[in-house]
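Asker: Read in order, the letters of the sequence shown correspond to residues -18 to -1, 1 to 138 in mature numbering (1 follows the signal peptide of the UniProt record, and there is no 0). Following this message is one structure expressed as structure tokens.
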Amino acid sequence: MAAGCAVVGGALWVFGGACESGPRQEVTLDDLWRLELCPDGQGGIGCGGDWECLQPLSERATVWFDDSDSDGEGGGGEEGEEDGGASGPHSGALATIPSAGAGVLSKRQQREEAKRARMEFKRERQREKCEEKLDKREAKRERQRQEAARSRGGAG
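And the structure:
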């Protein structure tokens, strides 16, 4: 979704975009791919070879959005219905054209996405604080064990 595409010098170039990884996760992409194009002999254009990755996906480009608070929005499973193209009549096509406005979010959807991102950030920060607290607690217990072992060793 929302990848930057261009045909330049007889090749299709695709940069970035976003894709869904399961029903509740979205991955932001920043990789660059190239596909050589050539005439297919019937007046069309076909693939001249395999996809070539020129810039691999960076680790910092991956962003996960938790969609846990959208269960009651009445979407009715629309997301899963779009994936049926692999076995349909266009399964050999390089790309399918989405319906008009498919990549545009309404103001409400933008606010909801921003809220989801903030909530995920808060959850991650809370997890980090919890881990720090547990690490400190474990370090304190280890110090107490060492002191107890020294005091037993020194008294005996």
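Virtual Cβ for every residue (Gly too), placed ideally from N, Cα, C.
Who does Trp(-6) pair with in a DSSP beta bridge?
Answerer: Bridge pairing for Trp(-6): Ala(-13), Arg16 [DSSP].
Asker: Can you tell me whether Trp15 is buried or exposed, with buried defined as 16 or more other CB within 10 angstroms of its CB?
Answerer: buried
Asker: Just grab the DSSP bridge partners of Ala(-1) for me.
Answerer: Answer is Thr10.
Asker: Using the Cβ count rule (16 or more neighbours within 10 Å means buried), how would you classify Lys125?
Answerer: This sequence places Arg at residue 125; Lys is not what is there. By the neighbour-count rule (16 or more Cβ atoms within 10 Å), Arg125 is not buried but exposed.
Asker: Would you please state the rounded distance, in angstroms, between the beta carbons of Gly4 and Gly(-15)? I believe it to be under 8 Å.
Answerer: Incorrect: roughly 24 Å between the Cβ atoms, too far for contact.
Asker: Which residues in the same chain have their Cβ closer than 8 Å to the Cβ of Val(-12), if we skip the five residues on either side of it in sequence?
Answerer: Trp(-6), Leu19
Asker: From which residue to which residue does the beta strand (DSSP E) around Glu34 run?
Answerer: 34 to 37
Asker: Between the alpha carbons of Ala40 and Ser133, how many angstroms are there, rounded?
Answerer: One point to set straight first is that residue 40 is Ser, not Ala, in the sequence displayed. Each residue's Cα considered, the two are about 52 Å apart.
Asker: Which of the three DSSP states is assigned to Gly28 in this structure?
Answerer: strand
Asker: Which of the three DSSP states is assigned to Ser81 in this structure?
Answerer: Residue placement at Ser81 is poorly supported in this model, since its pLDDT is 47, which falls under 50; the coordinates still yield a value, given next. Three-state result, Ser81: coil.
Asker: Count the other C-beta atoms from every protein chain shown that fall within 10 angstroms of the C-beta of Leu11, then say buried if there are 16 or more, exposed otherwise.
Answerer: buried
Asker: Hey, how far is the Cα of Asp51 from the Cα of Gly28?
Answerer: Any answer about Asp51 is weak, because its pLDDT of 49 lies below 50 and its placement is not dependable; what the coordinates show is given next. Spanning the two alpha carbons is a distance of roughly 43 Å.
Asker: Buried or exposed: where does Arg98 fall if 16 or more other Cβ atoms within 10 Å of its Cβ makes it buried?
Answerer: buried
Asker: So for Ala121, helix, strand or coil by DSSP?
Answerer: helix
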